[in-house]
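What follows is a set of notes on a single structure, which appears directly below.
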Amino acid sequence: MMSSAVSMSVPLTIGKLIDFFSTENPQIPFGLSLGQASAILLFLFSAGAVANAGRAMLMRLSGQRIVARLRERTYAAALRQEVEFVEKGEGDVLSRLSVDTSIVGESVTQNLSDGLRSVVMASAGLGAMFYISPQLTLLMLTVVPPVSLGVVFYGRYLKKLSNHTQEALGEMTKVAQEALSALRTVQAFNSAKQEEGKFHQKVETVLTLARKEAIASGIFFGATGWSGNVTLLALLGYGGTLVSRGVITMGDLTSLLLYTVYVGNGLQMLTAFFSSIMRGVGAGVRIFDLLDRQPAIPTDTGVEVNPSRRGPIRFEHVWFEYPSRRNVQILKDLNLEVRVGESVAVVGQSGSGKSSINALLMRYYDPVKGKVTFDGQDIREFNPASWRKMIGVVPQDPILFTGTIASNIAYGNPDATMEQIEAAAREANCEFVWGMPQGFHTEIGRASLSGGQRQRLAIARALLKKPAILALDEATSSLDATSEHRVNDAIDKILRSRQTTCFVVAHRLSTIARAERIVVLEDGNIVESGTYRQLVNKEDSRFRHLMAAQLNAAAGEYLGPALPPPSSESEGVREAEQQEVRV
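Numbering-wise, the sequence shown is residues 1 to 583 according to UniProt numbering.
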């Protein structure tokens, strides 16, 4: 208000100065001398400049705080969503976090400040113009209605266009994110040109939308500028006749023309403000859609699970299909029971539904039909956070985060002591850590360790939770023989303790043979179940056929119709390892 009031006093001051210097007996209001009047004007202009600077600083700081709060809330909302939603639109979520929040923050602070200032300036300017000459002011106002109508249509079009632009930016970000996160694969297959082509298509889409916005804004601002200039010429022509007839003074006409320019600038700022608000609304819709979205698997509801609780896990008549692949049945009427402390290996060809069992156990997804129970209670009744706290997960390709080895092992357990971290590392055979330059405080990145080292750190991370259930998903599938032996040795320690229920999804015989029970999946159904000895000794065993086919593929030769029957479970493990060594 202060900066606008000072700005709007300038045209009136200039008009009075023109009249002061153009008359024979000039009079300064309130009996002030020229020096006093000049000092007062200088003080007012200085106060206006300070107020304007304060307005700009405060609004910019407010904008940054609003953007920061929006980003935090949007990020938190994204982390609460189900896995399918985020993985499907990862680039779009990142675009909402970075671009959309900036647009909204700018719209509701800096542009809002400019908009309010333009409203004050336009209102005060019109008031002053009516005071100076109602006739000339009414002439100027004949241009306002068509300009206002154009603003409304332009704003609506811009809002719709902004929404499409933000979606296109999200798609562009997604393509770039995918290629950059898999840069090794891109370079290994010399696919840089192919990825550039895909990115170029997305950039072209964004450019097309930006071109439409540029054309619309060019036409609109060109039309408003033309109407403003025509209005100014009309005022100058008609105002000149009024000055010649003595209706108004030359100073009044000058003040009125300057007020016209100020009001015109105010209206133009108001137009830009309206356009920015519409753009902000378009971006805001996308942000608040995510903030208000209820995840398919809510994370803040359900019964808290006691960490000491133990019980059998049952998959009861489970049917499952991924939301992104409707009508493609992954699991079909699956029935499986795992007793407390039992270890079960799930084997089968790729696409048979092995990893989907772990995904359902973790409640990344819910069954289409049937249910998964723990200790007789449907896991959908549990609070997902407390349920997942009971499960240790070792994925096929474990993710390590930028930070120290200790922080990676303690991921999800920020209160873990150094003694607990070291104990978990010993249990997972992470002896390599003690040989690192700074031990557990060595800084690592996503790919600074070998596959076997990452896998053992992932096992240590899972064991630190002291889980009731351990889910191993292809933990040794991509390791060399030495690393596999170390990982299997760590798995042996877990299985021998018999305090943790283990789900082992695996392809390697040496890992599978360690489980107490093996279930064979085919097309989403369990076709066989039994111990290693039982399935190996069975003539028409699907398990034998599956293992022989894999070994044949690895060795380039068929190993024979039957594997020799082991005399004990420990011998079964040794003989399974020897089979692979021979291959």
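Think of the CB as a built atom: it goes at the ideal place given N, C-alpha and C, for glycine as much as any other residue.
Everything numeric in this text was worked out from a predicted model, so none of it was measured.
Which whole-angstrom value is the C-beta distance of residue i and residue j, which I expect to be below 8 Å?
| i | j | result |
| --- | --- | --- |
| Ile518 | Leu535 | 6 Å |
| Asn525 | Leu334 | 7 Å |
| Ala515 | Asn358 | In fact, because the Cβ distance is near 14 Å, the residues do not count as touching under 8 Å. |
| Arg71 | Leu97 | 6 Å |
| Thr254 | Ile40 | Going by Cβ atoms, the distance from Thr254 to Ile40 rounds to 21 Å, so no, they are not a contact pair. |
| Leu331 | Trp319 | 6 Å |
| Asp366 | Arg388 | Not quite, the Cβ-Cβ distance comes to about 14 Å (not below 8 Å), so this is no contact. |
| Thr224 | Gln268 | 7 Å |
| Gly370 | Thr500 | The pair is not a contact, with the Cβ atoms about 25 Å apart (cut-off 8 Å). |
Check whether the Cβ atoms of residue i and residue j lie closer than 7 Å to each other.
| i | j | result |
| --- | --- | --- |
| Ala468 | Met390 | yes |
| Leu61 | Leu136 | no |
| Ser118 | Leu270 | yes |
| Val433 | Ala423 | no |
| Ala78 | Val67 | no |
| Tyr364 | Val83 | yes |
| Arg314 | Thr373 | yes |
| Ala458 | Pro414 | no |
| Val504 | Ala462 | no |
| Ala168 | Val206 | yes |
| Glu204 | Ala179 | no |
| Val6 | Leu44 | yes |
| Ala410 | Arg456 | no |
| Val527 | Arg542 | yes |
| Gly170 | Ser95 | yes |
| Gly125 | Val263 | yes |
| Val261 | Met250 | no |
| Gly63 | Thr109 | yes |
| Ser510 | Asn488 | yes |
| residue 591 | Glu321 | Nothing in the structure corresponds to residue 591, since the chain is present only between 1 and 583. |
| Met140 | Thr241 | no |
| residue 584 | Gly392 | Summary: the structure shown does not reach residue 584, with the chain confined to residues 1 through 583, and so no result is reported for it. |
| Met8 | Ala51 | no |
| Ser355 | Asp473 | yes |
| Ser133 | Ile248 | yes |
| Phe274 | Asp114 | no |
Suppose you measure from the CA of residue i to the CA of residue j; what does that come to, to the nearest Å?
| i | j | result |
| --- | --- | --- |
| Ala506 | Ser352 | 12 Å |
| Gly218 | Arg184 | 44 Å |
| Ala562 | Asp375 | Summary for Ala562: the model assigns pLDDT 39, below 50, so the residue's position carries little reliability; its value from the coordinates is reported in the next sentence. Computed Cα separation, rounded: 39 Å. |
| Leu559 | Arg339 | Note that Leu559 scores a pLDDT of 39, beneath 50, so its modelled location is shaky; the value from the coordinates is reported in the next line. Looking at the two C-alpha atoms, the distance is approximately 34 Å. |
| residue 597 | Ala53 | Nothing in the structure corresponds to residue 597, since the chain is present only between 1 and 583. |
| Gln201 | Lys193 | 12 Å |
| Pro29 | Met121 | 24 Å |
| Thr301 | Asn383 | 5 Å |
| Thr299 | Arg80 | 6 Å |
| Glu557 | His485 | Unreliable placement is indicated for Glu557, whose pLDDT of 40 sits below 50; no coordinate value is reported for it. |
| Thr417 | Gly445 | 22 Å |
| Ser407 | Leu449 | 15 Å |
| Thr23 | Leu158 | 52 Å |
| Phe221 | Asn190 | 47 Å |
| Val104 | Asn229 | 33 Å |
| Tyr154 | Gly35 | 50 Å |
| residue 590 | Arg310 | The structure shown does not extend to residue 590, since the chain is modelled only from 1 through 583, so no value can be given for it. |
| Met278 | Val152 | 10 Å |
| Asp19 | Val99 | 53 Å |
| residue 593 | Ala385 | No answer is possible for residue 593: the residues shown for the chain start at 1 and end at 583. |
| Arg454 | Gln396 | 10 Å |
| Ala182 | Met172 | 16 Å |
| Pro512 | Cys502 | Reading off the sequence shown, one finds Ile at residue 512, where the question assumed Pro. C-alpha separation (whole angstroms): 12 Å. |
| Arg245 | Gly239 | 10 Å |
| Arg211 | Leu116 | 29 Å |
| Glu213 | Arg156 | 12 Å |
| Ala128 | Thr142 | 17 Å |
| Glu431 | Leu400 | 18 Å |
| Ala11 | Gly266 | Note that residue 11 is Pro in the sequence shown, not Ala. Their Cα atoms are separated by approximately 14 Å. |
When you measure from the CB of residue i to every non-hydrogen atom of the ligand FAD, does any distance come out below 6 Å?
| i | result |
| --- | --- |
| Thr260 | Of ligands this structure carries none, so the ligand FAD is not represented either. |
Under 7 Å between C-beta atoms, does residue i make it to chain B?
| i | result |
| --- | --- |
| Thr23 | No chain B appears in this structure, which consists of one protein chain only. |
Three CB pairs or more closer than 8 Å across the region 279 to 286 and the region 159 to 168
yes
Does the region 518 to 528 come into contact with the region 342 to 350, if we say contact requires no fewer than three beta-carbon pairs (one atom in each stretch) closer than 8 Å?
In this structure the region 518 to 528 lies against the region 342 to 350, because at least three pairs of beta carbons, one per stretch, are closer than 8 Å.
What residue ranges within the region 107 to 192 form continuous alpha helix (DSSP H) runs of no fewer than 4 residues, ordered along the chain?
110 to 132, 134 to 141, 144 to 181 and 183 to 188
Jot down the residue ranges of each uninterrupted beta strand (DSSP E) in the region 372 to 423, minimum 3 residues, whole runs only, in chain order.
391 to 394
Length-filtered (4 minimum) alpha helix (DSSP H) runs lying within the region 325 to 353
none
Counting only runs of 4+ residues fully inside the region 252 to 337, write out the alpha helix (DSSP H) ranges in chain order.
none
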